[in-house]
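These protein sequence lines map, in sequence, to chains A and B. Heads up, the working numbering is the position in the first sequence plus 15, with the first residue counted as 1. Heads up, the working numbering is the position in the second sequence plus 151, with the first residue counted as 1. Quick reminder that beta carbons are idealized off the backbone N, C-alpha and C, glycines included.
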Amino acid sequence: MNALRGIIAVAGFQIRRLLAPQRIALALVGAAFPAAVILAVRRVADLNLDVLALLLYALVPEAVCMLGLLVTMCPVVADELERGTWQHVAVRPGGRRSLLLGTFLAAVAWSSLVALLALALALAAAGLPDSGPLAPMFAVLVLVSCVGRAALFSLPAVIVPKRALVASVAVAFVVEYLAGFLPAVINQLTVSLRLRSLLVRWMGWERKLPPELSLIIDTQPPWVQIVAVVALASVFLFAASIILAGRQFPPAEES
Amino acid sequence: MIEVDQLVKQFRAADGSLVEAVDGVSFSVAPSEIVGLLGANGAGKTTTMRLLATLLSPTSGTARIAGHDIVTDPLGVRRHLGYLSATTGVPDRLTPREVLEFAGRLHGLDRAAIADRTATLLHTLGLESCESRPCGRLSSGQRQRVSLGRALVHNPPALVLDEPTNALDVVGARDLLNLLDTLRDAGRTILVSTHRLHEIERRCDRFVVIHAGRVVAQGTQREMAAEPGSLERAFFAAVEGSGGA
């Protein structure tokens with residue numbers, strides 16, 4: 016109960032930080048981006064449901080979620096060091112854990128909200144009458160993406176706080192987009208495999224895919240994909256929590 | 152009670168060499184006592200205090216805060232220690248009341264305890280008139296008092312205060328030091344670091360002089376600063392006697 020109180024307090028505090036006018040403006044620009052792309056595509060080509068789903072997938076659970084999490088989750092420790100508040104958090108009995116998990120909750124909530132707004136705007140911009148079923152499907156993909164990637168980014172954020180943004184971009188490319196597309200055991204440990212597999216399953220594309228592409232899809236049921244992401248996120252957060260508990264910042268390294 | 156026993160902290164420098172920021176420091180602070188940890192910039196005061204606050208772990212040696220060992224029981228230490236860092240680190244957008252409530256929640260206090268402690272601290276620290284103003288619009292003295300309140304929110308028996316009068320004007324520093332007198336009279340164990348000797352000359356019961364990571368002198372207020380201005384002479388004598396400054 017005590018631990019939960021600290022986590023919720025940090026989450027509320029981080030949300031409040033995110034409600035600054037500049038952050039809101041940045042979020043609105045990010046949310047409008049997929050709609051702008053879809054409008055641009057509509058000018059040169061006819062959209063059908065399959066093309067729209069592919070565009071939405073690349074733009075919302077991948078691009079918007081990823082960018083949202085890069086600006087909210089990556090600075091979890093760096094921000095506190097820069098503002099001189101790290102010591103005041105770390106000196107509390109559960110302060111480090113509360114900081115990590117509270118920021119995780121805030122990052123997931125904020126990035127999901129922005130991505131859901133982006134989804135709504137993009138669907139409106141597409142103007143396809145039969146695109147209704149895409150909304151709940153992509154809402155789930157957004158949540159799965161945010162939970163998995165926020166936990167993934169927590170690792171570089173605590174290992175290399177001052178270079179967390181660069182390290183997270185590198186992790187995103189190497190782990191999510193390189194390892195994630197390898198038809199080997201390692202891609203089972205990526206969020207991108209689970210998201211792709213959910214998309215293919217829900218869009219009914221299994222039979223349409225050429226055999227070589229089916230190698231980069233997991234055919235297990237959707238609930239397995241979602242449980243796998245939750246399990247991965249738990250492992251990432253647990254590891255980040257252990258690393259953060261042991262982090263020391265000599266006075267000269269702060270700020 | 153704060154007991155520091157042969158505390159050593161080494162850091163690895165950029166060139167790979169080991170630097171001993173704290174080198175076998177030992178001293179103690181009793182309840183109802185204010186001890187001044189004196190030293191020039193880079194002497195090892197802040198590192199010593201961060202070791203006591205469990206923000207850093209020692210290379211060797213140990214310390215106990217209210218009976219809790221910083222190496223084997225850091226959580227026990229954190230429950231019984233109030234720590235004020237040299238940087239105020241108060242969020243600009245929060246009000247003093249919100250800062251104290253946030254610190255209380257982070258410490259795991261229940262709602263009633265937070266309300267009680269917040270009201271008490273806002274009154275004690277003279278922050279009632281600005282309790283609803285964002286900290287970004289407070290004076291540096293008020294911000295430092297908010298920071299001190301954050302260190303006191305869980306009513307700890309021991310306090311470690313790193314340069315508490317930093318960035319304060321004469322009046323702000325005097326008010327804060329008066330507050331430390333009150334806290335000492337209430338039975339708290341207080342370790343306070345500073346390089347502004349004149350401010351604490353008459354406030355501390357004992358002094359520990361640290362130079363290049365080592366304790367070079369320690370003694371009671373009477374032994375080291377019997378007359379006004381003599382603390383500064385005693386400090387320089389100790390530092391120069393150790394081969395520094």
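Residue range of the alpha helix (DSSP H) that includes residue i
{"i": "A:Val-56", "result": "36-59"}
{"i": "B:Gly-212", "result": "Per DSSP, B:Gly-212 belongs to no alpha helix (DSSP H); it is in the beta strand (DSSP E), 211-216."}
{"i": "A:Gln-29", "result": "17-33"}
{"i": "A:Val-184", "result": "179-186"}
{"i": "B:Val-228", "result": "225-231"}
{"i": "A:Glu-191", "result": "Element bounds for A:Glu-191: n/a, residue is neither H nor E."}
{"i": "B:Thr-197", "result": "196-203"}
{"i": "A:Val-200", "result": "Taken as a continuous stretch (DSSP letters only), A:Val-200 belongs to no alpha helix (DSSP H), as it is neither H nor E."}
{"i": "B:Arg-256", "result": "247-257"}
Where the beta strand (DSSP E) containing residue i begins and where it ends
{"i": "B:Gly-187", "result": "184-189"}
{"i": "B:Glu-171", "result": "169-180"}
{"i": "B:Thr-238", "result": "Per DSSP, B:Thr-238 belongs to no beta strand (DSSP E) and is neither H nor E."}
{"i": "B:Leu-342", "result": "340-345"}
{"i": "A:Arg-262", "result": "Where A:Arg-262 is concerned, there is no enclosing beta strand (DSSP E), given that its DSSP letter is neither H nor E."}
{"i": "B:Ile-128", "result": "Here chain B covers residues 152 to 396 and nothing more, so residue 128 of chain B does not appear."}
Distance between beta carbons of residue j and residue i, contact taken as under 8 Å
{"i": "B:Ile-361", "j": "B:Gly-190", "result": "4 Å"}
{"i": "B:Gly-364", "j": "B:Glu-171", "result": "5 Å"}
{"i": "A:Ile-258", "j": "A:Ile-174", "result": "6 Å"}
{"i": "B:Val-304", "j": "B:Leu-251", "result": "6 Å"}
{"i": "A:Val-118", "j": "A:Val-186", "result": "The sequence shown places Thr at residue 118 of chain A, rather than the Val named in the question. Not really, about 17 Å apart at Cβ, beyond 8 Å."}
{"i": "B:Leu-327", "j": "B:Pro-315", "result": "6 Å"}
{"i": "A:Val-162", "j": "A:Leu-134", "result": "Not confirmed; about 16 Å, so no contact."}
{"i": "B:Leu-348", "j": "B:Leu-382", "result": "5 Å"}
{"i": "A:Glu-191", "j": "A:Ser-207", "result": "5 Å"}
{"i": "B:Thr-271", "j": "B:Arg-248", "result": "That pair is no contact at about 12 Å."}
{"i": "B:Leu-232", "j": "B:Ile-216", "result": "5 Å"}
{"i": "B:Val-311", "j": "B:Ala-204", "result": "6 Å"}
Contacts of residue i in chain E (Cβ-Cβ under 7 Å)
{"i": "A:Phe-28", "result": "Of the chains in the structure shown, none is chain E; the protein chains are A and B."}
Quick one: any contact between the stretch 119-132 of chain A and the stretch 85-104 of chain A, if contact means 3 or more CB pairs under 8 Å? yes
Alpha helix (DSSP H) runs contained entirely in the stretch 273-334 of chain B, provided each spans 4 or more residues: 291-303
Just checking, does the stretch 159-173 of chain A make contact with the stretch 244-254 of chain A on the three C-beta pairs under 8 Å criterion? yes
Inside the stretch 350-380 of chain B only - alpha helix (DSSP H) runs reaching at least 4 residues: 372-375
Taking contact to mean 3 or more Cβ pairs, one atom from each stretch, closer than 8 Å, check whether the stretch 214-233 of chain B and the stretch 274-286 of chain B are in contact. no
What residues in the stretch 249-263 of chain A bring their beta carbon closer than 9 Å to a beta carbon of chain B? Gly-261, Gln-263
Members of the stretch 268-293 of chain B near chain A, C-beta cut-off 9 Å: none
Please name the residues in the stretch 104-126 of chain A whose beta-carbon is closer than 8 Å to at least one beta-carbon of chain B, in chain order. Val-104, Ala-105, Val-106, Arg-107, Pro-108, Gly-109, Gly-110, Ser-113
Near-chain B residues of the stretch 71-97 of chain A (beta-carbon distance less than 8 Å), N- to C-terminal order: none
Report the start-end ranges of each alpha helix (DSSP H) in the stretch 217-251 of chain A that is 4 residues or longer and not cut off at the edges. 226-229
Unbroken beta strand (DSSP E) runs of length 3 or more, entirely within the stretch 58-114 of chain A: which are they? none
Where the stretch 197-212 of chain B meets chain A: residues whose CB sits under 9 Å from a CB there: Thr-197, Thr-198, Arg-201, Ala-204, Thr-205, Leu-206, Leu-207, Ser-208
I want to know whether the stretch 91-102 of chain A touches the stretch 240-251 of chain B - three or more CB-CB distances under 8 Å. yes
Near-chain A residues of the stretch 209-240 of chain B (beta-carbon distance less than 8 Å), N- to C-terminal order: Leu-226, Arg-229, Arg-230, Leu-232, Tyr-234, Ser-236, Thr-238, Thr-239, Gly-240
Start-end ranges of the alpha helix (DSSP H) lying completely within the stretch 148-172 of chain A, minimum 4 residues: none
Segment contact, 8 Å Cβ cut-off, at least three pairs: the stretch 352-366 of chain B with the stretch 317-324 of chain B: no
Identify each residue in the stretch 223-250 of chain A for which the Cβ-Cβ distance to at least one residue of chain B is less than 8 Å, and report them in chain order. none
Can you pull out the residues from the stretch 46-70 of chain A whose beta carbon lies closer than 7 Å to at least one beta carbon of chain B? none
Residues of the stretch 195-206 of chain A with a CB closer than 7 Å to any CB of chain B: list them in chain order, please. none
Does the stretch 199-214 of chain B come close enough to the stretch 255-264 of chain B to have 3 or more Cβ pairs within less than 8 Å? no
Segment contact, 8 Å Cβ cut-off, at least three pairs: the stretch 71-78 of chain A with the stretch 105-125 of chain A: no
Going along the chain, which residues of the stretch 318-347 of chain B sit with their C-beta nearer than 8 Å to a C-beta in chain A? none
Tell me, please, whether the stretch 223-241 of chain A touches the stretch 259-266 of chain A by the rule of three or more beta-carbon pairs shorter than 8 Å. no
Chain B contacts from the stretch 137-164 of chain A (Cβ-Cβ distance under 8 Å): none
Chain A contacts made by the stretch 297-311 of chain B, where a contact means CB separation under 7 Å: Arg-301
Evaluate the contact criterion for the stretch 47-66 of chain A versus the stretch 285-301 of chain B: three or more CB pairs, one atom per stretch, below 8 Å. no
When you compare the stretch 134-153 of chain A with the stretch 176-190 of chain B, are there three or more beta-carbon pairs, one atom per stretch, that lie closer than 8 Å? no
Output, in sequence order along the chain, the residues in the stretch 354-388 of chain B whose CB is closer than 7 Å to any CB in chain A. none
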